[in-house]
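Notes for the one structure printed next.
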Amino acid sequence: VTTICAALIQACLTANSLPEADKNTSLPRQPQANFQQYAGYITVDEKQQRSLFYYFVEAEIDPASKPLVLWFNGGELTQILPHALKTVAMLKRQKLNFLSFEGPGCSSVGIGAFGEHGPFKPSGDILLKNDFSWNREANMLYLESPAGVGFSYSANKSFYDFVNDEITARDNLMFLQRWFDKFPDYKNRDFF
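Each residue of the sequence shown is one higher than the last, beginning at 1 in full-length UniProt numbering.
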């Protein structure tokens with residue numbers, strides 16, 4: 001997983017705002033794939049230099065007809081619920097069709113994408129195709145949130161002392177707005 005994550009980050013270092021700049025043609029020791037995958041950073045707070053990392057995997061078959069699923073790996077329910085409710089409320093105010101949500105806790109890329117239901121599963125030093133991947137039926141967007149989880153970060157280290165649900169919800173909303181600007185074909189999809 002470390003090698004995979006390093007490759008994703010390396011691809012992001014030179015990325016600009018176009019989705020093609022975030023495109024990954026393959027990961028180290030990845031089997032052949034019949035879908036597109038992207039990874040990158042989206043700045044959510046220029047003043048605090050805070051950016052959230054994402055890994056996006058299009059559906060294997062006919063991605064244009066499939067919904068978009070946003071995935072956050074969860075933590076304790078008592079930590080998730082306030083954050084989830086605030087984020088859902090903010091998204092509804094923005095008129096986004098947002099139906100379900102998992103709260104932050106651990107790496108969505110390291111655990112969700114490469115340990116649970118992503119397109120590949122690590123096996124020793126290679127990747128194997130995951131026959132139970134959710135991208136068989138949906139376009140999957142894995143978000144590392146809040147800043148400090150996974151590869152998401154804030155250049156202002158004091159941010160980690162005062163991060164809270166309101167800041168996280170605002171960052172997630174900013175991320176989604178900017179991500180949809182980068183990937184406009186997904187703006188009117190069913191969104192879960």
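Note that the Cβ used here is the ideal one computed from N, Cα and C, for glycine as well.
Local Cβ density within 10 Å of residue i, reported as buried at 16 or more and exposed below that
i: residue 124; result: exposed
i: residue 160; result: exposed
i: residue 188; result: exposed
i: residue 172; result: buried
i: residue 119; result: buried
i: residue 165; result: buried
i: residue 64; result: exposed
i: residue 22; result: buried
i: residue 34; result: exposed
Neighbourhood of residue i by C-beta, 8 Å cutoff - its chain only, sequence neighbours within 5 removed
i: residue 136; result: 59, 60, 61
i: residue 144; result: 52, 53, 54, 107, 108, 109, 150, 151, 152
Limits of the alpha helix (DSSP H) - the one that residue i falls within
i: residue 195; result: In the structure displayed, the chain extends from 1 to 192; residue 195 sits before or after that span and is not available.
i: residue 179; result: 165-182
For residue i, three-class secondary structure by DSSP
i: residue 21; result: helix
i: residue 139; result: strand
i: residue 144; result: strand
i: residue 72; result: coil
i: residue 162; result: helix
Span of the beta strand (DSSP E), counted from its first residue to its last, around residue i
i: residue 111; result: Neither: residue 111 is in no beta strand (DSSP E) and is coded neither H nor E.
i: residue 39; result: 37-45
Beta bridge counterpart(s) of residue i as assigned by DSSP
i: residue 116; result: Looking at the DSSP assignment, residue 116 forms no beta bridge with any residue, so it has no partner.
i: residue 126; result: 123
i: residue 153; result: 51
Neighbourhood of residue i by C-beta, 6 Å cutoff - its chain only, sequence neighbours within 5 removed
i: residue 121; result: 128, 130
i: residue 31; result: 129
i: residue 155; result: 49
Own chain residues within Cβ distance below 7 Å of residue i, not counting five before or after
i: residue 180; result: 186, 187
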